[in-house]
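J.: Count along the sequence shown from 1, add 43, and you get the number used in this note's numbering. Just so you know, even glycine gets a beta-carbon here, dropped at the ideal spot from N, CA and C. Bear in mind the structure is a predicted one, so any value in this text is a computation, not a measurement. Below is a structure I'd like to ask you about.
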Amino acid sequence: MKLMSGNANLPLVRAIAAYLEMPVTDTSVRRFADEEVFVEINENVRGEDVFVVQSTSFPANDNLMELLICIDALRRASAKRITAVLPYFGYARQDRKPGPRTPISAKLVANLITVAGASRVLSVDLHAGQIQGFFDIPTDNLWAAPVMAEDIKTHFRGRPITVVSPDVGGVVRARALAKRLDNAPLAIVDKRRERPGESEVMNIIGDVQGRFCILIDDIVDSAGTLCNAAGALVEAGAEGVVAYCTHGVLSGAAVPRVDRSVLTELVITDSIQASEAAAASAKIRILTIAPLLGEAIKRIADETSVSSLFD
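Okay, structure coming up:
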């Protein structure tokens, strides 16, 4: 078994390698003067089971091309099996046609990864479950919920908590987390989007009075939805609001928006390498999913059950 990566999230790759007690394969990923990506694998990988760790986060197109070219290089070097490990799958929010004459880019990216030569995919908290079906190769989608649940139990032991979905679409995710927290109460923020890129919180479905609210979502991008939801929860009588999001995209003014908000804390994972601003924020804390990914990689290599990670 070998572990390699592009440049998207080297700290996570090194942490996974430390968990597996193995080195990261010596690989050169560089750019020519015209920004073309070039990959050279400096070790023999013939007949090897290789796991390529690469989030397709910002800059999404550059990181995607690195992933595809790494996979192609491995295939041409006669690797036995190539697993694309995607801690964050970019383009996942383009999983349907929002209107006429628009693409389904998530499906296109899935096709590209398959055609490049990947044998299977390992992902974390895909934005929509149906994206697993976009791949024509075996795909295992891990949940960060076990990692988050353990952290919540540590920080909120003995406190009255309510798990909150920031919108109706996230209820299944919130319910799954609530179940791991001894069937904690569930609440939903009902929001109405007035115009693209903005959201207006209307009302809270569920009792949050005097309780610590755990907002749960898969992606935090502009952070507008989370900050508005936190404000509505505090107005409804919540004792405090902490948000847990797997993928900290945190684009634009997201970090200062979180810093100014009533959120007590935003907890993200290292599926995407945090920006300097996010890492320096007093309100943002980062959980590692390296052991989760490392254990899944080990089980795939050993041909044992991955689903048992969620038991």
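Quick check on DSSP: helix, strand or coil for residue 244?
T.: At residue 244, the pLDDT of 48 sits below 50, so the modelled position is not reliable; the number obtained from the coordinates is stated separately. Residue state, collapsed to three classes: strand.
J.: Less than 8 Å between C-beta atoms, sequence neighbours within five positions excluded: which residues of the same chain meet that for residue 252?
T.: Cβ within range, chain order: 279, 280 and 281.
J.: Under DSSP, the beta strand (DSSP E) around residue 48 begins and ends at which residues?
T.: That run of the beta strand (DSSP E) goes 45-48.
J.: Per DSSP, which residues does residue 272 bridge with? Please list them.
T.: Paired residue(s): none; residue 272 is not in a bridge.
J.: Are there 16 or more other CB atoms within 10 angstroms of the CB of residue 201, so buried, or fewer, so exposed?
T.: When all chains shown are included, residue 201 counts as exposed.
J.: Check each candidate in 329, 325, 115 and 324 and name the one with the smallest Cα separation from residue 288.
T.: Taking only the C-alpha atoms, the option nearest residue 288 is 329.
J.: Give me the Cα-Cα distance between residue 207 and residue 195, rounded to the nearest whole angstrom.
T.: Residue 207 and residue 195: Cα-Cα distance of roughly 13 Å.
J.: Starting from residue 260, follow its DSSP beta bridges and name the residues at the other end.
T.: DSSP, once it has assigned bridges, lists 288 as partnering residue 260.
J.: So, does the stretch 118-126 touch the stretch 83-94, judging by three or more C-beta pairs under 8 Å?
T.: The stretch 118-126 vs the stretch 83-94: in contact.
J.: Does DSSP put residue 283 in a helix, a strand or coil?
T.: Strand at residue 283.
J.: If you run the structure through DSSP and keep just helix, strand and coil, what is residue 229?
T.: The answer is strand: DSSP assigns residue 229 an E or B state.
J.: Express the C-alpha separation of residue 300 and residue 232 in angstroms, rounding to a whole number.
T.: Their Cα atoms are separated by approximately 19 Å.
J.: Residue 153 and residue 177: beta carbons closer than 7 Å?
T.: A contact, by the Cβ cut-off of 7 Å.
J.: Taking the runs of the beta strand (DSSP E) that are 3 residues or longer, which of them lie wholly in the stretch 183-224?
T.: Correct list: 204-208.
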